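Undergrad:
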Amino acid sequence: MSAFASLVEGLADLLEPLFHASATAAAIVLFTAFVRLLVHPLSRASARGQRARAALQPQIAELRKKHGKNPEKLQKAVMELHAAEKVSPLSGCLPSLFQLPAFFLLYHLFSNSRIGDEANALLAHKLFAAPLGDRWADALGDGGVFGAQGLVYLGLFVIVAVVATFNYRRTKRMMAAGAAGAAARPGRSAIGGAPGGQDGSPQVPGLGVITKVMPLMSFFTLLTVAFVPLAAALYVVTSTTWSAVERAALYRDMPGAVPATAVLG
2 MSAFASLVEG LADLLEPLFH ASATAAAIVL FTAFVRLLVH PLSRASARGQ
52 RARAALQPQI AELRKKHGKN PEKLQKAVME LHAAEKVSPL SGCLPSLFQL
102 PAFFLLYHLF SNSRIGDEAN ALLAHKLFAA PLGDRWADAL GDGGVFGAQG
152 LVYLGLFVIV AVVATFNYRR TKRMMAAGAA GAAARPGRSA IGGAPGGQDG
202 SPQVPGLGVI TKVMPLMSFF TLLTVAFVPL AAALYVVTST TWSAVERAAL
252 YRDMPGAVPA TAVLG
């Protein structure tokens with residue numbers, strides 16, 4: 002933790018001539034961008050995996066015709082096909098999983114009053130008027146929603162709401178396109194007689210509920226921003242915005258593909 006604190010302080014010192022009192026906040030944005038650049042190859046690999054799964058749909062459709070009355074054989078055959086083609090259905094989750102350590106580092110760094118044997122001086126650093134170690138509740142208690150600190154959070158909430166709305170509309174379009182494609186391909190799933198998933202595999206029980214909730218997941222980021230320290234909230238806002246732009250670019254030619262990370266920010 003001390004090493005990470007030194008890294009943040011070093012970045013802040015470099016950025017201080019440009020951002021002055023908000024240099025530490027700018028350092029967190031820069032750190033987030035660096036993490037996202039490191040994770041970007043995984044995001045590209047996830048997009049390639051989604052394209053590969055889409056390319057397997059004709060073969061899976063044949064397997065469904067062949068094993069449609071035998072759920073176990075169908076599921077086994079689909080898994081064997083994925084393995085043979087080296088396509089992992091979980092690859093889309095990797096970018097989000099690799100970001101979790103960075104988020105928790107920031108969360109703990111700006112939640113602890115002491116680092117080693119010294120007071121945590123980073124807690125007093127600010128984004129404009131709001132201390133990076135405070136939460137939205139602290140801002141509400143010091144000036145209210147439209148106070149100097151509250152306005153900082155309102156700005157973050159607006160950014161998150163805009164990004165979440167963009168993700169919501171895009172995810173709905175992608176899921177509608179995927180559903181239209183699935184309706185054009187005859188065949189029933191092996192479980193409960195319901196239509197299969199977008200990749201042609203047997204539908205998982207409860208997936209219908211998840212499908213309905215998925216477009217709304219981006220709005221849950223608002224809760225994260227409200228309850229974590231401002232430094233961690235800044236990481237979330239920056240990463241979520243990056244993700245929205247990145248996915249729009251990587252999946253622009255795949256109207257029916259919904260990446261697994263669409264709900265993870």
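Quick note: the sequence shown uses this note's numbering, first residue 2, plus one each step. Every residue, glycine too, gets a C-beta built ideally from N, C-alpha and C. All of these numbers come straight from a predicted model, not from anything done at the bench.
What does Glu63 pair with, by DSSP beta-bridge criteria?
TA: Bridge partners of Glu63: none, in fact.
Undergrad: In terms of residues, what are the limits of the alpha helix (DSSP H) holding Gly142?
TA: Taken as a continuous stretch (DSSP letters only), the alpha helix (DSSP H) holding Gly142 covers 137-142.
Undergrad: Does the pairing of the stretch 114-134 with the stretch 149-158 give three or more beta-carbon distances under 8 Å?
TA: Enough Cβ pairs lie closer than 8 Å, so yes.
Undergrad: Take Phe20 and list the residues in its own chain whose beta-carbon comes closer than 7 Å to its own, dropping the five residues that flank it on each side.
TA: Ala27.
Undergrad: Tell me which same chain residues have a C-beta within less than 6 Å of the C-beta of Leu164, skipping the five on either side of it?
TA: Looking at the sequence shown, residue 164 is not Leu but Val. Cβ neighbours of Val164 beyond the five flanking positions: Thr241, Thr242, Ala245.
Undergrad: On a CA-only basis, which of Ser219, Asn121, Ala250, Ile160 is nearest Met2? Give me that one, please.
TA: Out of Ser219, Asn121, Ala250, Ile160, Asn121 has the C-alpha closest to the C-alpha of Met2.
Undergrad: DSSP three-state call for Lys173: helix, strand or coil?
TA: The answer is helix: DSSP assigns Lys173 an H, G or I state.
Undergrad: So, with DSSP's three-state summary, where would you put Leu128?
TA: Of the three classes helix, strand and coil, the one that applies to Leu128 here is strand, per DSSP.
Undergrad: For Ala13, count neighbouring C-beta atoms within 10 Å of its own C-beta (all shown protein chains included) and say buried if the count is 16 or more, exposed if not.
TA: Looking at its Cβ environment, which holds 16 or more other Cβ atoms inside 10 Å, Ala13 is buried.
Undergrad: Arg54 by DSSP, collapsed to three states: which one?
TA: Here Arg54 sits in helix by DSSP.
Undergrad: Throw me the rounded Cβ distance for the Leu43 and Phe99 pair, which I believe falls under 8 Å.
TA: The pair is a contact, with the Cβ atoms about 6 Å apart (cut-off 8 Å).
Undergrad: Which value, in whole angstroms, describes the spacing of the CA atoms of Ala227 and Ala138?
TA: Cα-Cα distance, rounded: 8 Å.
Undergrad: For Glu17, tell me which candidate among Phe5, Leu31, Ala4 has the shortest Cα-Cα distance.
TA: With distances taken between Cα atoms, Glu17 lies closest to Leu31.
Undergrad: Got a sec, what are the start and stop residues for the alpha helix (DSSP H) Arg248 sits in?
TA: Start and end: 231-251.
Undergrad: Keeping to the same chain, check which residues put their C-beta closer than 8 Å to that of Ile160; ignore five residues upstream and five downstream.
TA: Same-chain partners within the cutoff: Val238, Thr242.
Undergrad: I'd like to confirm the pairing. Which residues does DSSP put opposite Glu119 in its beta bridges?
TA: The partner list for Glu119 (beta bridge, DSSP) reads Ile116.
Undergrad: Would you grab the beta carbon distance between Phe167 and Leu223 for me? Rounded to a whole angstrom, and I think it's under 8 Å.
TA: That belief does not hold up - the Cβ atoms of Phe167 and Leu223 are roughly 14 Å apart, past 8 Å.
Undergrad: The alpha helix (DSSP H) with Gly11 in it runs from where to where?
TA: From DSSP, the alpha helix (DSSP H) with Gly11 extends over 3-20.
Undergrad: To the nearest whole angstrom, what separates the beta carbons of Leu64 and Ala78, a pair I think is in contact under 8 Å?
TA: With 8 Å as the limit, Leu64 and Ala78 qualify as a contact, their Cβ atoms being about 5 Å apart.
Undergrad: Could you tell me the distance, in whole angstroms, from the CA atom of Leu110 to the CA atom of Leu101?
TA: Taking the straight line from one Cα to the other gives about 14 Å.
Undergrad: Buried or exposed for Met175, going by 16 or more other Cβ atoms inside 10 Å?
TA: Buried, since its Cβ has 16 or more Cβ neighbours within 10 Å.
Undergrad: Can you name, in chain order, every residue of its own chain whose Cβ lies under 8 Å from the Cβ of Gly145, other than the five neighbours on each side?
TA: Excluding positions up to five away in sequence, the list reads Gly151.
Undergrad: Would you identify the three-state DSSP class for Pro206, choosing helix, strand or coil?
TA: Annotation note: pLDDT 42 at Pro206 (below 50); position unreliable, coordinate value reported separately. Pro206 falls in the coil class under three-state DSSP.
Undergrad: I'd like to know whether the C-beta of Leu251 is nearer than 8 Å to at least one C-beta of chain C.
TA: No chain C is part of this structure, which consists of one protein chain only.
Undergrad: If you reduce the DSSP assignment to three classes, tell me which class Val79 lands in.
TA: DSSP places Val79 in helix when its eight states are reduced to three.
Undergrad: Which one of Ala177, Asp143, Tyr108 has the shortest CA to CA distance from Pro230?
TA: Out of Ala177, Asp143, Tyr108, Tyr108 has the C-alpha closest to the C-alpha of Pro230.
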